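Residue numbers (this note's numbering), protein chains in the order written: chain C, 4 to 323; chain D, 4 to 323; chain U, 4 to 323. For each residue, glycine too, the CB sits at the ideal point set by N, CA and C. Just so you know, these numbers come straight off a predicted model, no measurement behind them. Comments concern the structure below.
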Amino acid sequence: MTGQTRADGSLRHLLTLEGLPRTALERLLDRAQEFVCAPGARPPSSRLLAGVTVANLFTEPSTRTRVSFELAAKRLGADVVNLEVQLSSRAKGESMLDTIFTLEALHVDVFVIRDAEAGVPGLVAANVAPHVSVLSAGEGSVSHPTQGLLDALTIRQRKGRIEGLTVAIVGDIRHSRVARSAYHALTTLGVAQLRIVAPPALLPGDDEFHGCVRHADIDAGLRGADVVMMLRIQRERIQDEAQLDSADYFRAFGLTTARLRRAKPDAIVMHPQPMNRGVEIASDVADGPQSAIRDQVRNGVAVRMAVLATVARGRSGADA
Amino acid sequence: MTGQTRADGSLRHLLTLEGLPRTALERLLDRAQEFVCAPGARPPSSRLLAGVTVANLFTEPSTRTRVSFELAAKRLGADVVNLEVQLSSRAKGESMLDTIFTLEALHVDVFVIRDAEAGVPGLVAANVAPHVSVLSAGEGSVSHPTQGLLDALTIRQRKGRIEGLTVAIVGDIRHSRVARSAYHALTTLGVAQLRIVAPPALLPGDDEFHGCVRHADIDAGLRGADVVMMLRIQRERIQDEAQLDSADYFRAFGLTTARLRRAKPDAIVMHPQPMNRGVEIASDVADGPQSAIRDQVRNGVAVRMAVLATVARGRSGADA
Amino acid sequence: MTGQTRADGSLRHLLTLEGLPRTALERLLDRAQEFVCAPGARPPSSRLLAGVTVANLFTEPSTRTRVSFELAAKRLGADVVNLEVQLSSRAKGESMLDTIFTLEALHVDVFVIRDAEAGVPGLVAANVAPHVSVLSAGEGSVSHPTQGLLDALTIRQRKGRIEGLTVAIVGDIRHSRVARSAYHALTTLGVAQLRIVAPPALLPGDDEFHGCVRHADIDAGLRGADVVMMLRIQRERIQDEAQLDSADYFRAFGLTTARLRRAKPDAIVMHPQPMNRGVEIASDVADGPQSAIRDQVRNGVAVRMAVLATVARGRSGADA
């Protein structure tokens, strides 16, 4: 994890969960758990990040992930600015870095970067000053580390542990940064078996997801699972690659109540959202008693608070 | 009305003024009056909503109503996030509610919803958790309750009372949520006579505005009025429906100084803005001594503070 | 100058540096210097503007100047709202002022206006209530006063003084509000010689930049300079007016290490950004030891804090 940690081993950036040691992951989950609060309870707030400035750099400003990061930062007392920018290293890497350096000179301490092309968050992280942190909020199809953390936290809350569990990820694994970050988190945290379940066209290449069990049949893939993670299907992708329409996809891979019975009776169902109800998941499953989908969202803001508090350690006047 | 109040009779949502009891309206106006401050004075601010999160869901982010709600919330110490979203129940009601549930899981306590199609604010209110409130910031042509309140407050300030007054609303009543909310507020608050004044094509159907006196002639409509509320005319509507151009409309229904003399000498002039000067109102009237138009704006932020403070009662740590 | 100061001589608006007395400029620079902090240090923050509301009115919301003003205001404790609006006096001056009056009635105390057509910030300033201030954040090609201040502050920091220096501004002077504000600031502050260096098509008319020495040759223009201020070249303008392409422009007017040797050995290089590297400036110069470009950005937020604190004097409850 060269590049994500400081010399003393503490977390400086969060670009990927790949290679993060188990203790680091568990420390983040423990800290996030402290920030979780029940629906309807007053969310925790503090001045831990007073004097710290967080810039959200999103190509599309109205996403729920942006709001999740914004609220996490505000509830810790940080100043937050939102910018809609297109970060690309392709034709104009230097001008992209000029934008970053400008914000850095305005005393931005933490950059939250979303939807830049693959490699951009790492390029930014490699160029900012030592006191500045970069958090990926989703990098191409490569990585979505806070999503991986909130998925792990949700499983730990609902099942009491991650070690020893059987987890099935179902859907467009090939193009999914969510699946990749879940793979990194859950593998490190000692999951017993991770299954990836998809039509052949949506499975990743053999050079990825080492140690995972592959299924092209959802019924086999769900059998005995403790956790079922459904992924969003992009309709345009279905038509182009798998030659299926939405109804066909639902018949072949949609999670219904009947299908969910293949999993353990106490299995939980997860989805990173937004959902296509009736395509990858039936509404009664999404809203049913086994669904942990709203827990995931709630844990998302807690995880982002934990990550911000961890990387900005020592940046704030509040704990100086 | 069912659905706007809690079991104990307190206000939970504000979707419409229709059916709100007079005491509830008066309590809101009294509370708003406490938040009013003179131009140039330091606006009141408090920590009453500390720990409360308000989400502004507007289809068009740069509206003055959005800024009014945003400042009202900030001056009460709330965290505010702005989202530009298109809420529609038509093809994707469930996905709309998924967006709401996601924000709710991020501990959004109050949703301010603008310009969704008719029915959407109520649908959201019917589905959120018990501790969550929904405020309409303008719903199709149905309702604009905070506008109705600020109009009532403005009249009460300038005329000392609402009971016994004669109020003329002039313009495109048929398509106006402002007129409907004014009708509900002023009728409940005991106005003596409410007149609706418009070309026939812009008057509402007979099943609405019960008890109002209808005028197709503005001079008759203004005669002896205490309050003249002008409505914005949408130019495209004039051409389509009434076959008048802007200059013709101004000649027939524009409020000029000469025309205003038909009303009482101390009549006040109101307009919800934005104004089309020279179409529905002459500039010298808009800026003249009888104009209460800027009072309306100032009262708008006070009314929104009062509504937020009322519905979020008990949500904040500040008064827990 | 008339119109920028209050009766007691204190600064009320900041629309231009033209005509501002030297003492006023120096007071702003001194105050800004107090807000400067080292890279990585915790930026100063205060409650000096608690209760003050600042509205950023930008035609394009995602600019670095908007973020600079937003952070400056937030770090002083102000409430900030961002609006994306097109202010134009052309066809609809009254409706533009209605927007301003509405925001004023919402208790906006300071308007920060960007990219309105020439004359708009002054028109707004002439119409707002006495307690309201207007700050230009860039007005057509006329004026960019906070940029002029930050340029002056940067020179003073790096060279210890402004008096007696030779400053060369290179590039599209004709269309540059940055050059005009630098001219006003540096002339008032006693610069020894101000040179404007550009191809003839990009030099201003003879009725402007009085007292400046004009150069059509960059090597002559740089000779012995203490400060080199490079301006952004807009590629489309090059093609239209000067019949040069970017590579030709770089050969003729681009600042390279070799060229910089014509200036004094300790000369500093400045650029208002965004830079076109390889067009008006070589990357190794932009990032080299003589570059003060990041200092300019850092000074930008300090200058904006100083200006806000100066004009909002007495508006806040914190010092009432």
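How is the alpha helix (DSSP H) around residue i delimited, first residue to last?
i: Phe-256 of chain U; result: 249-256
i: Thr-56 of chain D; result: Thr-56 of chain D -> not in any alpha helix (DSSP H); beta strand (DSSP E) instead, spanning 56-61.
i: Gln-237 of chain U; result: Note, Gln-237 of chain U: premise wrong, no alpha helix (DSSP H); not H, not E.
i: Leu-168 of chain U; result: Taken as a continuous stretch (DSSP letters only), Leu-168 of chain U belongs to no alpha helix (DSSP H), as it is neither H nor E.
i: Val-127 of chain D; result: 123-130
Do you know how far the Cα of residue j is from the Cα of residue i?
i: Ala-201 of chain D; j: Leu-18 of chain D; result: 26 Å
i: Ser-157 of chain D; j: Val-304 of chain C; result: As written in the sequence, residue 157 of chain D is Thr, which differs from the Ser given in the question. For Thr-157 of chain D and Val-304 of chain C, the distance between alpha carbons rounds to 41 Å.
i: Leu-234 of chain U; j: His-274 of chain U; result: 6 Å
i: Pro-124 of chain D; j: His-16 of chain D; result: 10 Å
i: Val-131 of chain U; j: Ile-103 of chain U; result: 8 Å
i: Leu-311 of chain U; j: Thr-191 of chain U; result: 22 Å
i: Ala-228 of chain U; j: Asp-33 of chain U; result: 25 Å
i: Pro-42 of chain C; j: Arg-45 of chain U; result: 35 Å
i: Val-300 of chain U; j: Leu-23 of chain C; result: 35 Å
i: Ser-71 of chain D; j: Val-272 of chain U; result: 44 Å
i: Pro-277 of chain U; j: Asp-101 of chain C; result: 8 Å
i: Glu-142 of chain C; j: Pro-207 of chain C; result: 17 Å
i: Ala-195 of chain U; j: Val-84 of chain D; result: 50 Å
i: Glu-37 of chain D; j: Leu-31 of chain C; result: 46 Å
i: Arg-161 of chain D; j: Thr-68 of chain C; result: 46 Å
i: Val-231 of chain U; j: Leu-205 of chain U; result: 17 Å
i: Ala-81 of chain C; j: Ile-221 of chain C; result: 45 Å
i: Arg-280 of chain D; j: Gln-293 of chain U; result: 56 Å
i: Val-288 of chain D; j: Ala-140 of chain C; result: 53 Å
i: Thr-169 of chain C; j: Ala-266 of chain C; result: 10 Å
i: Glu-87 of chain U; j: Arg-117 of chain D; result: 18 Å
Mind listing the chain U neighbours of residue i? Cutoff is C-beta to C-beta under 7 Å, in chain order.
i: Met-278 of chain D; result: Asp-101
Is there a Cβ from chain C that is less than 8 Å from the Cβ of residue i?
i: Leu-52 of chain D; result: no
i: Pro-207 of chain U; result: no
i: Thr-105 of chain D; result: yes
i: Asp-33 of chain D; result: no
i: Val-304 of chain U; result: yes
For residue i, would you say it is in contact with chain D, using Cβ-to-Cβ distances shorter than 8 Å as the test?
i: Ala-10 of chain U; result: no
i: Gly-320 of chain U; result: Any answer about Gly-320 of chain U is weak, because its pLDDT of 48 lies below 50 and its placement is not dependable; what the coordinates show is given next. With 8 Å as the cut-off, Gly-320 of chain U counts as an interface residue toward chain D.
i: Asp-82 of chain U; result: yes
Need the endpoints of the beta strand (DSSP E) that residue i sits in, please.
i: Leu-31 of chain U; result: Unbroken run through Leu-31 of chain U is the alpha helix (DSSP H), 25-38; no beta strand (DSSP E).
i: Phe-72 of chain D; result: Run containing Phe-72 of chain D: none in the beta strand (DSSP E); it sits in the alpha helix (DSSP H), 67-78.
i: His-218 of chain D; result: 216-218
i: Val-111 of chain U; result: Counting along the chain, Val-111 of chain U falls outside any beta strand (DSSP E), and DSSP gives it neither H nor E.
i: Val-84 of chain U; result: 82-87
i: Val-137 of chain U; result: 136-139
Chain D partners of residue i, CB-CB under 7 Å?
i: His-134 of chain U; result: Gly-43
i: Ser-71 of chain C; result: Leu-109
i: Arg-297 of chain C; result: Phe-104 and Ala-108
i: His-300 of chain C; result: It should be pointed out that residue 300 of chain C corresponds to Val in this sequence rather than to His. The answer, in chain order, is Thr-105, Ala-108 and Leu-109.
Against chain U, with Cβ distances strictly below 8 Å, would residue i count as a contact?
i: Leu-74 of chain D; result: yes
i: Asp-290 of chain C; result: no
Strictly below 9 Å CB to CB, what residues from chain C border residue i?
i: Ser-98 of chain D; result: Pro-277, Met-278, Asn-279 and Arg-280
i: Thr-56 of chain D; result: Pro-46, Leu-74, Lys-77 and Arg-78
Is there at least one non-hydrogen atom of the ligand FMN closer than 7 Å to the beta-carbon of residue i?
i: Leu-225 of chain C; result: The ligand FMN is not part of the structure shown, which contains no ligands of any sort.
How would you list, in chain order, the residues of chain D whose beta-carbon sits under 9 Å from the beta-carbon of residue i?
i: Asp-118 of chain U; result: Within chain D, no residue comes near Asp-118 of chain U; the closest Cβ sits about 15 Å away, beyond 9 Å.
I'd like the ranges of any beta strand (DSSP E) spanning at least 3 consecutive residues and lying wholly in the segment 255-304 of chain C.
271-273
Report the start-end ranges of each beta strand (DSSP E) in the segment 142-229 of chain U that is 3 residues or longer and not cut off at the edges.
169-173, 196-200 and 216-218
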